[in-house]
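Visitor: Chains as they are written, first to last, in this note's numbering: chain A, 1 to 912; chain B, 913 to 1145.
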Amino acid sequence: MAPERTGTLAGAPGHLRGLGPVSEGGPAASGPAAKGPPPMGTPPKGPPPMGPSGPYGEAGASLLVGPYALIWFYRRWLRTHGIAELLAGLGVAIAVALVFATIVAGAGISSSTAKAVRTVIGPATLQLYARGPDGLDERLASQAQRLPGVRAAVPLLEETAFLRSASGRTATVDLAGAGLNLVFMDGLSRTIPRSTLAASGIGLSSRTAQTLGIPGGARLPAGQTAMLEIRGRSSTVDVSAVLGEEAFGALAQTSVAVMRLGQMQRLTGMQGRISRVLVEPQRGAEREVRSELDRLAGGGVEVARANEDVALLSQALKPSDEASSLFATISALLGVLLATTAILLTTPERRRAIAELRVMGMRRSAIVQLVLFEALLLGASASAVGVLGGFALASTVLHDSTRYLSEAFTIGTESTVTGSALIFAIATGLAAPMLASATPLLDLRRASPFDGVYEKDGVPGNALSRIPRTICTVAAVAMLASATALFLAARGHALLCCILLALGTVCAVPMTLSAGTGLGSVLAERRQRLTVLPVALSSLQATTVRSLALAATGALALFGSIALGGARADLSAGISSFARSYAADAPLWVGTRSDYQAVTPFEAGEARSRLRAVRGVGEIATLQGGFIQLGGRRVWILARPQGYATHLLRSEVIEGSPQLAQRRLSEGGWVVVSKQIAEQQHAGLGDEISVPTPSGEVKLRVAALSTNLAWSPGVLIMGDAEYARLWRSDAPTALAISPRRGTSAAALQRRLRAALRGSGLTAQTSTALRRSIDALAGEGLSRLAEISTLLLVAAALAMATALASAIWQRRRAIAGLRLCGVPDARLRAIMMTESALMLGAGCATGAALGLCAQAMIDGYLGSVTGFPIAGIAAEARPLAIFGLVMLIAATLAVAPILATSRISPGVALSEQ
Amino acid sequence: MSVLSLAHVSVLHHGSEERLLLDDVCLQIDSGEMVGIWGRRGSGRTTLLRVASGLAAPQRGEVLFRGRPLRGPAPFNGGIAFCGQHFLGGDAWPVRREIFEVQLARGLSRSSARARTSWALARTGATHCAQGRLRFLPPAEATRARLALALTSDPCLLLVDDVIAGVDLDDRDPLLHLLRSLADEGLAILTSTDEPPALAGCDRALTLSDARLEGRLTPDLAEVLPLRRATPW
Chain A
1 MAPERTGTLA GAPGHLRGLG PVSEGGPAAS GPAAKGPPPM GTPPKGPPPM
51 GPSGPYGEAG ASLLVGPYAL IWFYRRWLRT HGIAELLAGL GVAIAVALVF
101 ATIVAGAGIS SSTAKAVRTV IGPATLQLYA RGPDGLDERL ASQAQRLPGV
151 RAAVPLLEET AFLRSASGRT ATVDLAGAGL NLVFMDGLSR TIPRSTLAAS
201 GIGLSSRTAQ TLGIPGGARL PAGQTAMLEI RGRSSTVDVS AVLGEEAFGA
251 LAQTSVAVMR LGQMQRLTGM QGRISRVLVE PQRGAEREVR SELDRLAGGG
301 VEVARANEDV ALLSQALKPS DEASSLFATI SALLGVLLAT TAILLTTPER
351 RRAIAELRVM GMRRSAIVQL VLFEALLLGA SASAVGVLGG FALASTVLHD
401 STRYLSEAFT IGTESTVTGS ALIFAIATGL AAPMLASATP LLDLRRASPF
451 DGVYEKDGVP GNALSRIPRT ICTVAAVAML ASATALFLAA RGHALLCCIL
501 LALGTVCAVP MTLSAGTGLG SVLAERRQRL TVLPVALSSL QATTVRSLAL
551 AATGALALFG SIALGGARAD LSAGISSFAR SYAADAPLWV GTRSDYQAVT
601 PFEAGEARSR LRAVRGVGEI ATLQGGFIQL GGRRVWILAR PQGYATHLLR
651 SEVIEGSPQL AQRRLSEGGW VVVSKQIAEQ QHAGLGDEIS VPTPSGEVKL
701 RVAALSTNLA WSPGVLIMGD AEYARLWRSD APTALAISPR RGTSAAALQR
751 RLRAALRGSG LTAQTSTALR RSIDALAGEG LSRLAEISTL LLVAAALAMA
801 TALASAIWQR RRAIAGLRLC GVPDARLRAI MMTESALMLG AGCATGAALG
851 LCAQAMIDGY LGSVTGFPIA GIAAEARPLA IFGLVMLIAA TLAVAPILAT
901 SRISPGVALS EQ
Chain B
913 MSVLSLAHVS VLHHGSEERL LLDDVCLQID SGEMVGIWGR RGSGRTTLLR
963 VASGLAAPQR GEVLFRGRPL RGPAPFNGGI AFCGQHFLGG DAWPVRREIF
1013 EVQLARGLSR SSARARTSWA LARTGATHCA QGRLRFLPPA EATRARLALA
1063 LTSDPCLLLV DDVIAGVDLD DRDPLLHLLR SLADEGLAIL TSTDEPPALA
1113 GCDRALTLSD ARLEGRLTPD LAEVLPLRRA TPW
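1. Report the option in A:L163, A:W711, A:T531, A:G631 whose CA atom is closest to the CA atom of E1013 of chain B.
2. DSSP three-state call for F867 of chain A: helix, strand or coil?
3. Thinking C-beta only, is V96 of chain A closer than 9 Å to G272 of chain A?
4. Below 8 Å on C-beta distance, what does E1013 of chain B contact in chain A?
5. Under 7 Å Cβ-Cβ, which residues of chain A neighbour S1065 of chain B?
6. Could you check where the beta strand (DSSP E) with P155 of chain A kicks off and where it finishes?
7. Shorter than 9 Å from the beta carbon of F977 of chain B to some beta carbon of chain A?
8. To the nearest angstrom, how far is the alpha carbon of A563 of chain A from that of A515 of chain A?
9. So with Cβ pairs under 9 Å, would you call L1070 of chain B a contact of chain A?
10. Using only the alpha-carbon positions, how far apart do S917 of chain B and A969 of chain B sit?
11. In whole angstroms, what is the alpha-carbon distance linking S910 of chain A and D858 of chain A?
12. Drop a sphere of 10 angstroms on the beta-carbon of F593 of chain A, count the other beta-carbons inside from all chains shown, and report buried for 16 or more, exposed for fewer.
13. Please go through the same chain and pick out, in chain order, the residues whose beta-carbon is closer than 8 Å to the beta-carbon of V368 of chain A, but skip the five residues on each side of it.
14. A704 of chain A: beta carbon under 8 Å from a heavy atom of the ligand NAP?
15. Hey, G973 of chain B and D936 of chain B: beta-carbon distance below 9 Å or not?
16. Residues in the same chain with beta-carbon distance under 6 Å from A687 of chain A, minus the five sequence neighbours each way, listed in chain order, please.
17. Just checking: is the beta-carbon of A1042 of chain B within a distance shorter than 9 Å of some beta-carbon in chain A?
18. Are V915 of chain B and F977 of chain B touching if we call contact CB-CB under 9 Å?
19. Going along the chain, which unbroken runs of the alpha helix (DSSP H) with 4 or more residues stay wholly within the segment 605 to 684 of chain A?
20. So, does the CB of R1022 of chain B fall closer than 9 Å to a CB anywhere in chain A?
21. Using only CA atoms, which one of B:L1125, B:L933, B:G944, B:L939 lies nearest to L1070 of chain B?
22. Quick one: is T531 of chain A near chain B, going by C-beta distance under 9 Å?
23. Tell me, please, whether the CB atom of L1061 of chain B is closer than 9 Å to any CB atom in chain A?
24. Does the beta-carbon distance from T1064 of chain B to W950 of chain B come in below 9 Å?
25. Less than 9 Å between the C-beta atoms of W636 of chain A and Q764 of chain A, yes or no?
26. So which residues of chain A does L934 of chain B contact, with C-beta pairs closer than 9 Å?
27. Using the C-alpha atoms, what's the distance from L769 of chain A back to G89 of chain A?
28. State buried or exposed for Q282 of chain A, treating a residue as buried only when at least 16 other CB atoms are found within 10 Å of its CB.
29. How would you list, in chain order, the residues of chain B whose beta-carbon sits under 8 Å from the beta-carbon of P454 of chain A?
30. Which residue wins for smallest C-alpha separation from G618 of chain A, given the options A:G298, A:G605, A:S744, A:L126?
31. Ignoring anything shorter than 4 residues or poking outside the segment 1053 to 1088 of chain B, list the alpha helix (DSSP H) runs there in chain order.
32. I need the straight-line Cα distance from T428 of chain A to A1060 of chain B, nearest angstrom please.
33. Go through its chain and collect everything with a Cβ distance to L537 of chain A's Cβ below 8 Å, but skip five positions before and after it.
34. Under the three-state reduction of DSSP, which class applies to V96 of chain A: helix, strand or coil?
35. Using a Cβ cut-off of 7 Å, pull out every chain A residue sitting near L1016 of chain B, in sequence order please.
36. Would you please verify whether the beta carbon of A1100 of chain B is less than 9 Å from any beta carbon of chain A?
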C-alpha cells in the first residue's frame, strides 16, 4: 500500500513534475510526477529548469542538479522542517564552538611569550647569566663589551617584585633594571619614552597598569606613585610611564615593569650586581664571541643563547601543553561526535523525505546531491555561528593563567587564532552533517524498497534492524578491549585509547538502551500500576533512531565530563596533597609577598631581629631556594634544614625511603630529585647527577626520587648547609617560625605581620600558604579546568538542543494524545520518563566508559607531567558529575516538556 | 439542556486577506441527535468543528458545552471526541496497541485499558483490522479504528469530519449505520461532509455556505433522514 504523503514534494513546481520516465523502475504512474506537464502558457511557479535536465532521470540527462533547483528543494525542506533544522544546526554550532575554542586556547602562552622574549633580547643572540640569586658582577658587562666581535653587551637585573597602587590594587611583576643601552640595542629607543629609564620612576606595561588600576597615556596623573616590595624591602616609587603596545611591543601584554638599573640595584640592595648580560655579536662573529664569553665566565656563570628562556618555558609548559592537548583533542573529538548526533536526530525525517523523493521517481544521484547540499548548507551556517561563538569563548572564558610560572619566566598571555584551528573547526562543522546525512542515504540501495521506511513498526524512519545493533555491540566491546590492551602496553597512547573509548561509548548506546528498555518492560509487566512506564517505553521503541541519537548525546556528555573533569580533579587532589605536606613543614612562614615557592632571597638580619622581638616566637629556621638551569629545564631547588622537609618527603617521595633521604640530605652530598630529572640524567637511587651551581658543576648523589611538586620542569631538594656552601649565600628565601608552647599560630601570625609592616615581608600560617599554593597550582591547571567545564557546558547545551529537537519532533504525537483526552500532567510524566530512560541509559554508558578513560588519563598525566595525582577512588567526583549532568538534563528538559504538554490538540489534525 | 450550543458565532480569518469563515452561526445539538453539515470545500465546515471542540476560538459569539462556556480546548476526556481525517496521533504500532496505549496514557490500569480497547474495537466493527497499522488500513477500516479510539474516551459529543471521504461506495452505508446507531445510544454527533450521501441517517442536515449556516438550527421537529439498507459488517 502506498504510504501517506508527508508533503515534501506536494506542490512541486510544474516543470519539475512529469519529467519523463523514471529510470530506476520507480512508480512512474503514481504521485504528482505522473500528472503530466503543466498546461501550455502556464508560467512555472518554481525554479527554472535544472540546467540540461531535471532530477528525474530523463534520457541523456546530466548527472548534476542545478544550483537553483538545489536551493528550491532546500527551501521546501526548511518550510516543513525549519525548527528541527534550526535545532540540529544549533547542536552543530555548539560542537564547532567547543572545537574552535579549545584549539585556540591551546595555542596561547608559548607563542605570545616568545614574542615578549624577542622584544627584551632584541638582536642579542647570546647571554651570560647568574646561577644564583646574588647575580653577577656588573663589571662583566663592560668586560664583555670589550671582547673582540661584540657589537653590544647590555647589563640587565631582573627580580620578581610586588606592586601596590595608591588605590590598594596589587600586582606581582617581573621588574627589570636596565640602562638606555638596552633600549638602543632593542630598537625601542624611538618608542619608549626616555623618561622611563632616565628618571627615578618605574615604567609599567599596560597590562600591569591595568591590573593596578592606573590609567595609561595622557591620562596618567602626575605624581602617581606605587609601593614597591622587592627582596624584603619596601619603598615608594613614581610611576613614570605606562607602556602600551606602541612603545613596548609584545611586552605590553605581560606583567612587567622597568626602571633604571642603578635605581633597582639600590632598591634591592644589589649594588654592582646584575642578573644577566645580553650580548649582540657582530655579523659572523657569534662562534668566536661564544668562546670568548665561555672564557670570561669561568665556572660559576652560565653562557647560553639569549632566547633560552623560550626553550625553557616551552619545556616547562610541555607537560601542561601535552595535558591540555590531550584534553583539547578529546574535547574536539567529542564535539565532532556531538555534532553528528545532533544531525542524527533528524535522520527519521530525512529518511522519510528520501522515500518521498524515490516514490516521486527522482534519480538516486539527484537525491544524493540534494541531501549533501542540505548538509553542506547546514554545516556551513552552523560552522560560521560556531566559529564566532568559539572565538568569543576563547577570548573571554578561556584564558591562560600563568601566575604559577611568573616566578621563573616572563609570560605573555595573548590568545592566538591559528589558521589550523579555523580549518579544523570548519571541517568539523561540514564533515559532521555530511557524515550524519549520509546515513539516510543507505535507503538508496537498490535492494531497499522505495517506501521501505513506512513498512517497519515504529514511527517511519526510526527502525534500526538487528544487524546494525549487533555490529554496534561487537564494535563497542572490541573498542573497549583494544583501548584497555593498548593502555596496558603503553601509557603514552592514552589519546588513542580515549578516542577508542569515546567511539565505543557511542557504539555501546544501542545495547544499553535496549537493556534499559528491556528492564523497564519487565518492571512494567510486574507492576501493573505503572501505566506511564509502558507508554514511555513504547514511545522509545517507536522512535528508536531518535532515542539512540539523544542517548548518545547524553553518553558523550557524561563520558567527556567524567573523563576530563575526573582526571583534572585527580590531578588537583594530588597537588592539594603536595601543598598540604609542603606547608606543614613549618607552622608559620615569613617571606616576600606572593613568593609561594620561596625562591626570592631577602636580607635576614633586620628581619630576624624584628621577629625575635615578637612575643611567642620560638625557633626561626632559614629556608632557601631558587631556580637553576639543568638539562634544558628551569629546575626548582629547595634547601631545607633537618626536620623541615619531613612531611614533604613523606608525601612526595615515590622511590626510596623518605627517612633515609632526610638523613642523607643533612649529611650533605645527597639530593632528592624528581623522577623526570633522574630519568633525563639516566640516574637511579645512589647514582650521581651533575648540578650547575655558582661554585661550578658539582656531583651529588640521588637519595630518593620524588614527584615534581607540581613544578613541571622538576625539583631538586637538598640540605641547607650544602646549598649555602655551593651557592655561597646564606640569604633566606623564607623563614620558618615555630611558635612557643601555648602560642597559637593565628595569633602569632597577626603579631608577626604587625612587626613586619613596611619591611616588604609578610607572614602566613601553613594553612594560608597551603591555600595559596593550592590556588596557584589550580591556576596552572586552569586550562584543563576550563576545557572540562567548557565540555560540560557544551554537552549540557547539546543535550538541551537534542532534547528540544526530539520533543519538537514528537509534538504531533503529543497533540494527538491531548486530543484523545490524556491529561497534561500525565503527558508531562510520560515525556519525563521517556527523557529519563533515554538520557539515563546514555549517561550510564558514558559514565562507565568515562571512568575507564579517567583512569587512563590519570596514568598518562602521571607519566607526562610528573605531578602528584590522586587515585580515582580518592574522589567522589564521577558520582558528583553524573548527578550534576542528570540534574542539568532534567532541568533542561523541563521547558520543552512543559511547552509541548500544552501544545494545541489541533496540531494533531494538521497536515504534516 | 443541549449538549452543544453555538450562539451567534463568527470567525474571521486573518491571512493575506481577511475572510469571514463563520458568520453569525447558531446551532444546538441534543443527546442522541446526529446533525450533518454539508458544504463545499473551503466553506468553513472544518472551522465549525474546530470551534465546536474549542480548538479554535470565535471572535464573536459563544460556544456552550453542556450549558457551560467552552474556553480553550474541550474536555476531550469524557466530554468531546474528535474523529478527523488527518488524525495521525499514533501510527507507529498496530491499531489495537495504539488504542491500548492511549488508555494507559489516560491512567487506566492494564486490564481496564485492555477491556476498553476490545470493547471499542468491537463496537465500531474494527476488531478484524486491529492488528494492522492505521496507515495501511483501507479508508473505511481506518475510519472505524479512529471512531473506536474516539469512543474509548466515553464522550457525549462526537465530532466527525468527512466520515466517508475516500471510502468505497460499498463501505459507506455501514459506516453511516454505525454513526446512526451510536446516536441512537444517546451520543450527540456533529458530522461534516462535502458529499450529500453522507447526510443519510442524520436527524438534521444543514448547509454551510458563504460562512452562514442554513437549515433547522434547533432540534425540535427533527425528522431522521432515511438510511439505505446496508449489509452488516
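Just so you know, even glycine gets a beta-carbon here, dropped at the ideal spot from N, CA and C.
Guide: Reading from the atomic positions:
1. A:T531
2. coil
3. no
4. Those within 8 Å of E1013 of chain B in chain A are P534, V535, S538.
5. C820, G821
6. 150 to 165
7. no
8. Between A563 of chain A and A515 of chain A, the C-alpha separation is close to 24 Å.
9. no
10. 14 Å
11. 55 Å
12. The identity of residue 593 of chain A in the sequence shown is Arg, whereas the question assumes Phe. So R593 of chain A ends up on the buried side.
13. L441, L444
14. With respect to the ligand NAP, the structure shown offers nothing to examine, as it has no ligands at all.
15. yes
16. Per the sequence shown, the amino acid found at residue 687 of chain A is Asp instead of Ala. In its chain, beyond the 5 residues on either side, V702 have a beta carbon closer than 6 Å to the beta carbon of D687 of chain A.
17. no
18. yes
19. If we require 4 residues or more, the alpha helix (DSSP H) runs fully inside the segment 605 to 684 of chain A come out as 646 to 652, 658 to 667, 675 to 680.
20. yes
21. B:G944
22. Answer yes: the Cβ-Cβ gap between T531 of chain A and chain B drops below 9 Å somewhere.
23. yes
24. no
25. no
26. Under the 9 Å cutoff, chain A gives no residues; its nearest Cβ is about 16 Å from L934 of chain B.
27. Their Cα atoms are separated by approximately 48 Å.
28. exposed
29. The question names Pro, but residue 454 of chain A is Tyr in the sequence shown. Neighbours of Y454 of chain A on chain B, chain order: R1047.
30. A:S744
31. none
32. 50 Å
33. T517, G520, S521, A524, L837
34. helix
35. T531, P534, V535
36. no
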